[in-house]
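Asker: Heads up, the sequence shown is in numbering that gives the first Met the number 0, so the first residue is 0 and it goes up one at a time.
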Amino acid sequence: MLENHYDETQIQVLEGLEAVRKRPGMYIGSTSSSGLHHLVKEIVDNAIDEALAGYCDKITVDILPGNSIRVTDNGRGIPVGIHPKEGISAATVVYTILHAGGKFGGGGYKVSGGLHGVGASVVNALSESLDLTIRENGKIYYQHFHNGGKYDEELKIIGDLPEGESTGTTVVFQPDPTIFPDTVYDYETLLTDLREQAFLNAGVRIVLTDLREEPDENGKAHVRQDDMRYEGGISSFVAHLNESKNPLHETPIHLNREENGMTAEVALQYTDSYTEVVKSFANNVHTMDGGTHENGFKNALTRVFNDYGRNKKLLKDNDQNLTGDDVREGMTAILSVKLPECEFEGQTKTKLGNTEARTLVDKMVYEGLSTYFEENPAVAKIIFEKAVGAQKAREAARRARDLTRRKSVLESVGLPGKLADCTSKDNTVTEIYIVEGDSAGGSAKEGRDRRFQAILPLWGKMLNVEKAREEKVYGNEKLMPVVTALGCGIGKDIDLSKLRYGKVIIMADADVDGSHIRMLLLTFFFRFMRPLIEQGHVYFAQPPLYKLTRGKRIEYVYVEGQQLKVLEEMSEGGKYKVDIQRYKGLGEMDPSQLWETTMDPSNRTIVKVELNDAAQADATITMLMGDKVEPRREYIERHARDARLDI
Ligand code: 1YM
């Protein structure tokens, strides 16, 4: 009887997990790097739920040699008893049956939930192997799964839990290389994700350790570890994002409210920067496209400022109201709501739809911030003046924009003089190379395919826009050629349907000055033309670093460190003489070489600039381009080992 039931369950289980393997994208978004990293989040989410339930205060995540992941918590352990309906252990059910989250567990609701709310069985389905160890009832339980959730043995006791050792759950999984093209975990990506969870769940300790590097002959290995626990929760998150900025008040303003089984919480702090950073979450899931909670926040914030201004006569009767953009300039805010049941909307399901969240957040912010302003008049004054400053700057930018527009109509200043345009007008095929220096610009003009490739040389020092408002950009002789060549406008005015080239390719030397130009342009695009990056139009060209010549045979090397391997191979172990040339700059290449190595679409590599986390990118850009030296120095020292920048 039980035997039959078990067989039936096995068949259903395999059918369910097979569905995940057939369409992994449906469950984890994609099988690219983001999907690979998402697996960790799914497992960690269960441990975080256990922490939120009050049974667990430490979660460790280890990256093991071979890129398997081990997650351990010190909670109660997943229940091991036989599940009445399925006839197998509850823990096995959690790891093998789709959508068997906490729902059938011990009542209550799951507060955390992955992007697609799937869970452990999906991770199992997409793993080559998975080992589950549970410590509870004074015993150690263990089960092994292989090839996407198959198992030969049921959960069994493998020993007694030693006296004094904590209960809990440990999962080790090895993502399936037949599903994920790249199975290498990136420490920084996991760190950013886990730090976010540590901020969102105040008091929970999360420790990430990289154990991949084998010890060298001296027994030393590079073990990286971050131990995170934030008593301040989302206030600590705001302080972290503002690390490289200059705050206008010492501590973030922290508000919270609880009603009808829902909670809302916001932390915000103003800085002297001109950008706004608002990052919102619903049940610990980042709502990239905002939604009801974020709208409630923004609406209430604008009302608080205007009511305060009118009451205190800081805004006169015929003064304009402050706009949302005015009151959010320089603000960094984290908003987090927790609801019994989230409705996510939009194509990527990253927009919150619950209307009750709007009401709750609106009340929290309107009442909470009004009170805060009354109780902290000095801070209120500084923040209010910041918003008035933004309002004035907005007016100035509008005048500058109108002036540029009128000028371009009157003087018909079409395209910039330095631009070598292409013949095609079809932006699904056209590309523009923004090139550092006149000589490289010259080579690029000669070497290009003029039918679809345009060249815009830049020269001299560029404006660092990190500390510039929009009006400064109009009339800037270095930036305006870029703006007019692209044709889509900047700031609030941006209209990508007018973009003249589908690909905007930044081509600069592979040296420190080149990196600087890349960062200056990227900062400009991020601050004033962000949709250009978001829609995937911005690329970096990858010029070669070395040229190796043996007689008529030429090889180019694009990755530092690989030249020795290629040298070895070309010289056939020293038998032939191979000439090795290091390119110091693009200018050293003649037009045909530049075409062949860097511009020919059938041969070149270009790197698309991707924006995974706008709040983190903002913090990194400020750190690299802003006016504080110390964080930049620390960052460079910390990353010297990697010899690359993570942005
Ligand atoms: C390393 C991953 O999964 N921990 C974990 C999971 C569960 C529990 C405790 C748990 C939950 C409940 C009761 C409950 C889960 N249990 C279930 C289910 N760490 C990790 N720790 N007792 C223990 O929700 O009532 C799903 S997750 F459904 F079996 F209860």
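Ideal placement from N, C-alpha and C gives every residue a C-beta, glycine not left out.
Is V93 near the ligand 1YM, with its Cβ less than 7 Å from a heavy atom?
Answerer: If you number the sequence shown from 1, residue 93 lands on position 94. Yes, the beta carbon of V93 sits closer than 7 Å to at least one heavy atom of the ligand 1YM.
Asker: For the alpha helix (DSSP H) containing F144, name the first residue and the last one.
Answerer: Residue 144 sits at position 145 when you count from the first residue of the sequence shown. Careful: F144 lies outside any alpha helix (DSSP H), inside the beta strand (DSSP E) at K138 to H145.
Asker: Could you say which of V70, A263, A201 and L520 lies nearest to R357 if we only look at CA atoms?
Answerer: Residue 357 sits at position 358 when you count from the first residue of the sequence shown. With distances taken between Cα atoms, R357 lies closest to A263.
Asker: Only counting the same chain, and skipping five residues up and downstream in sequence, which positions put a Cβ closer than 8 Å to that of F172?
Answerer: Residue mapping note: residue 172 aligns to position 173 of the sequence shown, counting from 1. So the list reads L38, I42, S67, I68, V122, N123, S126, S128, L129 and D130, once near-sequence residues are dropped.
Asker: Could you pull out every residue in the same chain whose Cβ sits closer than 7 Å to the Cβ of E595, ignoring the five residues on either side in sequence?
Answerer: Walking along the sequence shown from the start, residue 595 turns up at place 596. Around E595: N602.
Asker: Give every residue of the same chain whose Cβ lies closer than 6 Å to the Cβ of E465, excluding the five residues on either side of it in the sequence, and list them in chain order.
Answerer: On the sequence shown, residue 465 is found 466 positions in, with the first residue counted as 1. Once the five neighbours on either side are set aside, the close Cβ partners of E465 are T522, M624 and G625.
Asker: What separation, rounded to the nearest whole angstrom, lies between the Cα atoms of I77 and T331?
Answerer: Translated into the one-based positions of the sequence shown, residue 77 becomes position 78. Translated into the one-based positions of the sequence shown, residue 331 becomes position 332. Going by the C-alpha atoms only, they are around 38 Å apart.
Asker: Within the chosen definition, does the segment 417–429 reach the segment 498–509 through at least 3 CB pairs nearer than 8 Å?
Answerer: With the cut-off at 8 Å, the segment 417–429 and the segment 498–509 touch.
Asker: Does at least one heavy atom of the ligand 1YM sit under 7 Å from the Cβ of E216?
Answerer: Numbered from 1 along the sequence shown, position 217 holds the residue referred to as residue 216. It does not: the Cβ of E216 is nowhere closer than 7 Å to a heavy atom of the ligand 1YM.
Asker: Is the segment 341–354 touching the segment 270–278, taking contact as three or more C-beta pairs under 8 Å?
Answerer: Short answer: they don't touch.
Asker: Compute every distance between the C-beta of P480 and the non-hydrogen atoms of the ligand 1YM, then say whether any falls below 7 Å.
Answerer: Taking the sequence shown and counting its residues from 1, the one referred to as residue 480 is at position 481. P480 Cβ: outside cutoff for every heavy atom of the ligand 1YM.
Asker: Return the Cβ separation of P590 and G440 in integer angstroms, given the expectation that the two are a contact with Cβ distance under 8 Å.
Answerer: Here residue 590 corresponds to residue number 591 of the sequence shown, with the count starting at 1. Here residue 440 corresponds to residue number 441 of the sequence shown, with the count starting at 1. Not quite, the Cβ-Cβ distance comes to about 11 Å (not below 8 Å), so this is no contact.
Asker: Where does the unbroken alpha helix (DSSP H) through A50 begin, and where does it stop?
Answerer: Stepping through the sequence shown from its first residue, residue 50 is reached at position 51. That run of the alpha helix (DSSP H) goes S32 to L51.
Asker: Nearer than 7 Å: is that true of the beta carbon of V70 relative to any heavy atom of the ligand 1YM?
Answerer: Here the question's residue 70 lines up with position 71 in the sequence shown. Yes, Cβ of V70 sits closer than 7 Å to a heavy atom of the ligand 1YM.
Asker: Check for me: the alpha helix (DSSP H) holding L418 runs from which residue to which?
Answerer: Position 419 of the sequence shown holds residue 418. Element bounds for L418: n/a, residue is neither H nor E.
Asker: What do you get for K627, buried or exposed, if any count of 16 or more other CB atoms within 10 angstroms of its CB means buried?
Answerer: Mapped onto the sequence shown, residue 627 falls at position 628. Under this definition K627 is an exposed residue.
Asker: Closer than 7 Å: is that where the CB of P78 sits relative to any heavy atom of the ligand 1YM?
Answerer: Against the sequence shown, residue 78 aligns to sequence position 79. Yes, Cβ of P78 sits closer than 7 Å to a heavy atom of the ligand 1YM.
Asker: For the structure I just gave you, are there three or more beta carbon pairs, one from the segment 263–274 and one from the segment 320–337, closer than 8 Å?
Answerer: At 8 Å Cβ cutoff, the stretches touch.
Asker: Looking at the unbroken alpha helix (DSSP H) that takes in P530, where does it start and where does it end?
Answerer: Numbered from its first residue, the sequence shown carries residue 530 at position 531. Run containing P530: R529 to E533, per the alpha helix (DSSP H) assignment.
Asker: Following a CB-centred definition, is R302 positioned closer than 7 Å to any heavy atom of the ligand 1YM?
Answerer: Position 303 of the sequence shown, counted from the first residue, corresponds to residue 302. The answer is no for R302.
Asker: Given a cut-off of 8 Å on the beta-carbon distance, is the pair Q196 and N255 in contact?
Answerer: Looking up residue 196 in the sequence shown gives position 197. Looking up residue 255 in the sequence shown gives position 256. Taking 8 Å as the Cβ cut-off, Q196 and N255 do not qualify as a contacting pair.
Asker: Thinking C-alpha only, which one of S272, E49 and L199 is nearest T168?
Answerer: As a first step, residue 168 is located in the sequence shown; it is residue number 169 there, counting from the start. Checking every option, the nearest Cα to that of T168 belongs to E49.
Asker: How many angstroms separate the CA atom of L16 from the CA atom of D192?
Answerer: Within the sequence shown, residue 16 is the residue found at index 17, counting from 1. Within the sequence shown, residue 192 is the residue found at index 193, counting from 1. Cα to Cα, L16 sits roughly 26 Å from D192.
Asker: Identify which residue in E216, L207 and E242 has its Cα closest to the Cα of R228.
Answerer: In the sequence shown, residue 228 corresponds to position 229, counting from 1. That would be L207, whose Cα lies nearest to the Cα of R228.
Asker: Which residue comes first and which comes last in the beta strand (DSSP E) that contains Q580?
Answerer: Translated into positions along the sequence shown, residue 580 becomes position 581. That run of the beta strand (DSSP E) goes D578 to R581.
Asker: Buried or exposed: E633, going by 16 or more other Cβ atoms within 10 Å of its Cβ?
Answerer: As a working note, residue 633 is residue 634 in the sequence shown. Exposed, because fewer than 16 other Cβ atoms sit within 10 Å of the Cβ of E633.
Asker: Consult DSSP for T291 and reduce its assignment to one of helix, strand or coil.
Answerer: For the purposes of this step, residue 291 is taken as residue 292 along the sequence shown, with counting starting at 1. T291 falls in the helix class under three-state DSSP.
Asker: Is the beta carbon of N45 within less than 7 Å of some heavy atom of the ligand 1YM?
Answerer: In the sequence shown, residue 45 corresponds to position 46, counting from 1. Checking every heavy atom of the ligand 1YM against the Cβ of N45, one is found closer than 7 Å.
Asker: Quick check: what's the CA-CA separation for G535 versus G24?
Answerer: Translated into positions along the sequence shown, residue 535 becomes position 536. Translated into positions along the sequence shown, residue 24 becomes position 25. Distance between the alpha carbons of G535 and G24 is about 20 Å.
Asker: If you draw a straight line from the C-alpha of L351 to the C-alpha of I382, how long is it?
Answerer: Indexing the sequence shown from 1 puts residue 351 at position 352. Indexing the sequence shown from 1 puts residue 382 at position 383. Computed Cα separation, rounded: 29 Å.
Asker: Strictly by DSSP, which residues pair up with Y186?
Answerer: Residue 186 sits at position 187 when you count from the first residue of the sequence shown. Note: Y186 sits in no beta bridge, so no partner.
Asker: Check each candidate in R194, S31 and D492 and name the one with the smallest Cα separation from D401.
Answerer: Sequence index remark: in the sequence shown, residue 401 carries index 402 (1-based). The option with the nearest alpha carbon to D401 is D492.
Asker: Consult DSSP for A99 and reduce its assignment to one of helix, strand or coil.
Answerer: Here the question's residue 99 lines up with position 100 in the sequence shown. For A99, the predicted model reports a pLDDT of 45, less than 50, meaning its position is unreliable; a value from the coordinates is still stated below. Looking at A99 - three-state DSSP - the assignment turns out to be coil, as it is neither helix nor strand.
Asker: Check V237 in the structure and name its three-state DSSP category.
Answerer: For the purposes of this step, residue 237 is identified with residue 238 of the sequence shown, where counting begins at 1. Helix at V237.
Asker: Please name the residue or residues paired with D617 in a DSSP beta bridge.
Answerer: The residue labelled residue 617 in the question sits at position 618 within the sequence shown. According to DSSP, which records beta bridges pairwise, D617 is partnered with nothing at all.
Asker: My parser needs the alpha helix (DSSP H) runs of 4 or more residues fully inside the segment 193–265; what are they?
Answerer: Segments of the alpha helix (DSSP H) lying fully in the segment 193–265: 233–240.
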